[in-house]
Amino acid sequence: MDKVTASAARAVADIGDGASLAVGGFGLCGVPMVLIGALLEQGATGLRVVSNNCGVDGWGLGVLLEAGRIARMTSSYVGENKEFARRYLAGELEVELAPQGTLAERLRAGGAGVPAFYTPAGVGTQVAEGGLPWRYAPDGTVAVASPPRETRAFGGREYVLEEAIVTDFALVHAARGDRHGNLAFHSSARNFNPLAAMAGRVAVAQVEELVDALDPDEVHLPGIYVDTIVPVGRVEKRIERAATRSRPTGTAAHAEEAR
Numbered sequence: 017m018d019k020v021t022a023s024a025a026r027a028v029a030d031i032g033d034g035a036s037l038a039v040g041g042f043g044l045c046g047v048p049m050v051l052i053g054a055l056l057e058q059g060a061t062g063l064r065v066v067s068n069n070c071g072v073d074g075w076g077l078g079v080l081l082e083a084g085r086i087a088r089m090t091s092s093y094v095g096e097n098k099e100f101a102r103r104y105l106a107g108e109l110e111v112e113l114a115p116q117g118t119l120a121e122r123l124r125a126g127g128a129g130v131p132a133f134y135t136p137a138g139v140g141t142q143v144a145e146g147g148l149p150w151r152y153a154p155d156g157t158v159a160v161a162s163p164p165r166e167t168r169a170f171g172g173r174e175y176v177l178e179e180a181i182v183t184d185f186a187l188v189h190a191a192r193g194d195r196h197g198n199l200a201f202h203s204s205a206r207n208f209n210p211l212a213a214m215a216g217r218v219a220v221a222q223v224e225e226l227v228d229a230l231d232p233d234e235v236h237l238p239g240i241y242v243d244t245i246v247p248v249g250r251v252e253k254r255i256e257r258a259a260t261r262s263r264p265t266g267t268a269a270h271a272e273e274a275r
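Heads up: the sequence shown is residues 17 to 275, going by our numbering.
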């Protein structure tokens with residue numbers, strides 16, 4: 017089955033208001049920016065997004081957030097985005113925070129058909145006991161708080177029950193893909209992308225390189241999880257926070273820089 021479509025706009029056309037999305041990426045690495053841009057142009061609003069983070073101001077999921085198109089985020093990290101903090105504290109955005117490994121497993125479990133699982137992460141905290149502020153009221157009070165979760169002991173250790181995540185759609189980025197939907201990711205850009213694709217009932221993947229068929233040994237995510245492939249060519253890759261230092265004095269490299 018040929019799953020290729022030439023248009024990112026066509027690939028996201030069926031995402032409607034209030035849809036839930038699993039979106040790949042970690043920081044600014046492996047973010048499906050072409051698909052996010054197409055969704056921005058498409059106009060869907062009230063989106064409920066599951067992603068490790070919400071991009072940064074002006075990039076990644078941050079562009080949808082700034083446009084007021086995201087109603088709810090399920091994430092493990094929300095730093096580097098001032099607009100995210102403003103909307104959350106003003107009661108304009110609902111936020112469910114989850115431990116990073118727990119979030120990854122909730123997505124994987126959703127794709128594997130496992131409805132829930134027990135994990136020690138979060139035991140003894142508000143993750144298990146409830147009370148985390150999901151949404152604030154305009155006056156700063158907590159309008160919606162996280163509910164308590166079931167706990168159970170196994171082998172003398174306590175665990176908390178976490179439900180799997182399944183979303184209406186998934187948007188992911190891959191280095192290479194074939195016409196059957198098989199995907200290969202480059203290094204750390206693999207991050208949450210395979211898990212997001214697994215969790216989405218309809219998964220859309222942008223790929224930098226399209227081939228007729230990937231060698232089975234190259235496949236990181238089988239095409240059974242992917243519904244649409246969009247070839248996008250080479251894409252801009254940003255660095256979330258650049259950190260540089262001067263080279264030590266007295267080295268050849270330092271002498272060359274001084275010229």
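Backbone N, C-alpha and C define an ideal beta-carbon position, used for all residues, glycine too.
{"Item": "Sort Val227, Val235, Pro164 by Cα distance to Leu199 and report the nearest one.", "Value": "Val235"}
{"Item": "Relative to the alpha-carbon of Arg173, which residue among Pro163, Pro136, Asp30 has its alpha-carbon at the smallest distance?", "Value": "Pro136"}
{"Item": "If I measure Cβ to Cβ from Ala27 and keep anything under 6 Å in the same chain, skipping five residues before and after, which residues do I get?", "Value": "Thr21, Val220, Thr244, Val246"}
{"Item": "How about Ala186 and Leu37: do their beta carbons lie closer than 8 Å?", "Value": "yes"}
{"Item": "If contacts are defined as beta-carbon pairs under 8 Å, then Leu177 and Ala161 qualify, I think. What distance do you get, rounded to the angstrom?", "Value": "Actually they do not touch by this definition, with Cβ atoms about 18 Å apart."}
{"Item": "Roughly how far, in whole angstroms, is the beta-carbon of Met49 from the beta-carbon of Val251, given that I think they are within contact range, below 8 Å?", "Value": "6 Å"}
{"Item": "Checking 8 Å against the spacing of the C-beta atoms, do Phe100 and Cys70 come in under that value?", "Value": "yes"}
{"Item": "Looking at the secondary structure, which residues open and close the alpha helix (DSSP H) in which Arg261 lies?", "Value": "Segment: none, Arg261 is in no alpha helix (DSSP H) and carries neither H nor E."}
{"Item": "When DSSP labels each residue in this structure, what does Val143 get in the three-state scheme?", "Value": "helix"}
{"Item": "Output the distance between the C-alpha atoms of Leu123 and Pro264, rounded to the nearest integer angstrom.", "Value": "45 Å"}
{"Item": "Check the DSSP bridge columns for His189 and list the partner residues they point to.", "Value": "Gln222"}
{"Item": "On the DSSP letters alone, give me the boundaries of the beta strand (DSSP E) that Pro131 sits inside.", "Value": "No beta strand (DSSP E) contains Pro131, which DSSP labels as neither H nor E."}
{"Item": "For Glu178, which residues does DSSP report across the bridge?", "Value": "Phe133"}
{"Item": "With DSSP as the reference, label Thr61 as helix, strand or coil.", "Value": "coil"}
{"Item": "Determine the burial state of Pro210: buried for a count of at least 16 other Cβ atoms within 10 Å of its Cβ, exposed for fewer.", "Value": "buried"}
{"Item": "So which of Val66, Gly107, Glu108, Ala83 has the shortest CA-CA distance to Tyr93?", "Value": "Val66"}
{"Item": "If I measure Cβ to Cβ from Leu119 and keep anything under 6 Å in the same chain, skipping five residues before and after, which residues do I get?", "Value": "Ser92"}
{"Item": "Should Met89 and Val72 be called a contact, given that it needs their Cβ atoms to be closer than 8 Å?", "Value": "no"}
{"Item": "Assuming contact is defined by CB atoms lying nearer than 8 Å, are Gln8 and Ala24 in contact in what I supplied?", "Value": "The structure shown does not extend to residue 8, since the chain spans only 17 to 275, so no value can be given for it."}
{"Item": "Measuring straight from C-alpha to C-alpha, what distance separates His59 and Leu77?", "Value": "Before going further, note that residue 59 is Gly rather than His in the sequence given. Their Cα atoms are separated by approximately 14 Å."}
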